[in-house]
Amino acid sequence: MTLRIAADKDTGVAVVTLDRPHRLNAVDLATAAELAAVWREFRFDDTVRAVVLTGAGERAFCTGLDRDAVVPQPNSPYMQDDPLLDIGPKANDLWKPVISAVAGMACGGAFYLLGESEFVVADPTAVFFDPHTTYGMVSAYESVLMAHRMPYGEVARMMLMGTAERISAQRAYDIGLVSELASPGGALEAAVACAAVIAGYPTEGVQGTVRALWAAKEAARAQAYAQAPPLIALGNLPAERQAELFAGRRSGAFRTR
109 MTLRIAADKD TGVAVVTLDR PHRLNAVDLA TAAELAAVWR EFRFDDTVRA VVLTGAGERA
169 FCTGLDRDAV VPQPNSPYMQ DDPLLDIGPK ANDLWKPVIS AVAGMACGGA FYLLGESEFV
229 VADPTAVFFD PHTTYGMVSA YESVLMAHRM PYGEVARMML MGTAERISAQ RAYDIGLVSE
289 LASPGGALEA AVACAAVIAG YPTEGVQGTV RALWAAKEAA RAQAYAQAPP LIALGNLPAE
349 RQAELFAGRR SGAFRTR
């Protein structure tokens with residue numbers, strides 16, 4: 109198993125932990141399947157009324173799709189298989205509130221998870237960035253999700269600057285991506301405290317509110333998602349060239365703002 113699940117039946121809060129710290133909690137195909145299964149299981153578990161999502165270790169919340177994952181693609185610009193499209197709670201029809209607790213790096217495919225969370229609590233060590241353009245890839249789904257959580261200029265800068273810049277926890281808080289800056293090492297505890305409050309409210313009202321909030325951006329997201337497959341097919345470099353660029357990356361060659 110690549111996830112750890114801990115549920116407190118007294119508070120109604122479940123904590124889902126991405127448990128691949130040796131891979132910076134990158135999502136491989138097994139983890140993607142486990143995430144989808146967990147969200148769908150929570151739909152039927154009335155003892156779980158709120159969820160906190162976090163990552164194991166101190167270095168990363170999640171660094172997106174594991175680069176060793178092999179995902180064959182159809183030979184068409186109109187069709188694409190993306191294993192991360194189904195890793196979020198909303199994609200699995202879960203309308204219980206999900207709060208993300210972020211420490212360390214959250215980048216690339218991590219935005220599939222952050223984009224489907226109700227809000228984000230961050231440790232001071234948290235940093236956010238998107239490496240797609242640096243390695244010759246189109247940031248499509250990630251950009252759509254973050255465009256609904258951040259001012260346009262901020263998300264455009266993050267996506268276009270690639271690995272050259274990282275958004276600090278403080279900056280993420282200032283622009284609204286993060287709702288709370290916790291004390292050092294305290295992001296998970298702060299997120300669980302929020303989840304416990306929410307889990308104590310009547311479930312019908314809470315879940316209806318979650319559904320209403322998602323409806324406010326659902327139509328625009330669906331329209332934008334429809335453009336993603338051809339944009340990615342036309343804009344991505346061949347996988348071999350992407351791998352060359354990734355292999356040639358320079359450690360520490362970025363600024364944090």
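Using the numbering used here, read the sequence shown as starting at 109 and increasing by one per residue.
Backbone N, C-alpha and C define an ideal beta-carbon position, used for all residues, glycine too.
Between residue i and the rest of its own chain, which residues show a CB-CB distance below 8 Å, the 5 nearest in sequence each way excluded?
i	result
Phe-362	Phe-237, Thr-271, Ala-272, Glu-273 and Arg-274
Ala-320	none
Asn-344	Gly-244, Met-245, Val-246 and Gln-350
Met-258	Met-266, Ile-283, Gly-284 and Leu-285
Leu-193	Ala-199, Tyr-220 and Tyr-249
When you compare the CB positions of residue i and residue j, do they come within less than 8 Å of one another, or not?
i	j	result
Val-235	Glu-224	no
Phe-54	Leu-253	Here the chain covers residues 109 to 365 and nothing more, so residue 54 does not appear.
Arg-157	Thr-311	yes
Val-229	Ala-323	no
Ile-242	Leu-353	Reading off the sequence shown, one finds Thr at residue 242, where the question assumed Ile. Contact flag set, yes.
Gly-212	Pro-239	no
To the nearest angstrom, report how far apart residue i and residue j are at their CA atoms.
i	j	result
Arg-265	Ala-255	11 Å
Ser-184	Ala-341	8 Å
Gly-120	Gly-356	46 Å
Gly-261	Glu-250	15 Å
Ala-214	Tyr-309	30 Å
Lys-204	Asp-231	23 Å
Ser-291	Leu-221	23 Å
Ser-208	His-130	20 Å
Asp-127	Thr-233	19 Å
Asp-118	Gln-315	19 Å
Pro-182	Gln-188	6 Å
Ala-347	Ala-134	18 Å
Gly-294	Glu-166	12 Å
Glu-288	Val-305	15 Å
Phe-152	Tyr-281	34 Å
Ala-144	Ile-195	5 Å
Val-263	Arg-329	15 Å
Ile-113	Gln-331	34 Å
Leu-268	Arg-175	20 Å
Phe-78	Arg-358	The question about residue 78 has no answer, for the chain in this structure spans 109 to 365.
Thr-139	Thr-171	13 Å
Leu-132	Tyr-186	32 Å
Lys-325	Gly-360	36 Å
Gly-313	Ala-307	11 Å
Which whole-angstrom value is the C-beta distance of residue i and residue j, which I expect to be below 8 Å?
i	j	result
Val-210	Phe-169	4 Å
Met-109	Glu-149	Incorrect: roughly 13 Å between the Cβ atoms, too far for contact.
Pro-197	Val-179	That belief does not hold up - the Cβ atoms of Pro-197 and Val-179 are roughly 22 Å apart, past 8 Å.
Trp-147	Leu-202	5 Å
Excluding five sequence neighbours on each side, which residues of the same chain lie with their C-beta closer than 6 Å to the C-beta of residue i?
i	result
Ala-248	Ala-336, Leu-339 and Ile-340
Val-160	Val-123, Ile-207, Ala-209, Ala-299, Val-300 and Ala-303
Leu-296	Thr-162 and Ala-209
Asp-116	none
Ala-177	Asp-136 and Leu-137
Ala-164	Thr-125, Asp-127 and Pro-129
For the ligand PLP, I want to know if residue i counts as a neighbour, meaning its beta carbon is within less than 7 Å of at least one of the ligand's heavy atoms.
i	result
Val-314	Ligands in the displayed structure: none, and consequently the ligand PLP is not present.
Near residue i, which residues of its chain fall below 7 Å by C-beta distance, leaving aside the five closest residues on each side in sequence?
i	result
Tyr-333	Tyr-249 and Val-252
Asp-154	none
Arg-365	Glu-273, Ile-275, Ser-276 and Arg-279
Ala-327	none
In chain order, which continuous runs of the beta strand (DSSP E) of length 3 or greater are located wholly inside the region 214–250?
Fully enclosed beta strand (DSSP E) runs of 3 or longer: 227–230 and 235–237.
What are the complete alpha helix (DSSP H) segments, minimum 4 residues, inside the region 303–349?
Considered as a whole, the region 303–349 harbours 311–343 as its complete alpha helix (DSSP H) runs of no fewer than 4 residues, in chain order.
Restricting to runs no shorter than 3 residues, where is the beta strand (DSSP E) found entirely within the region 127–205?
Contiguous beta strand (DSSP E) elements confined to the region 127–205 occur at 158–163 and 168–170, taking only those with 3 or more residues.
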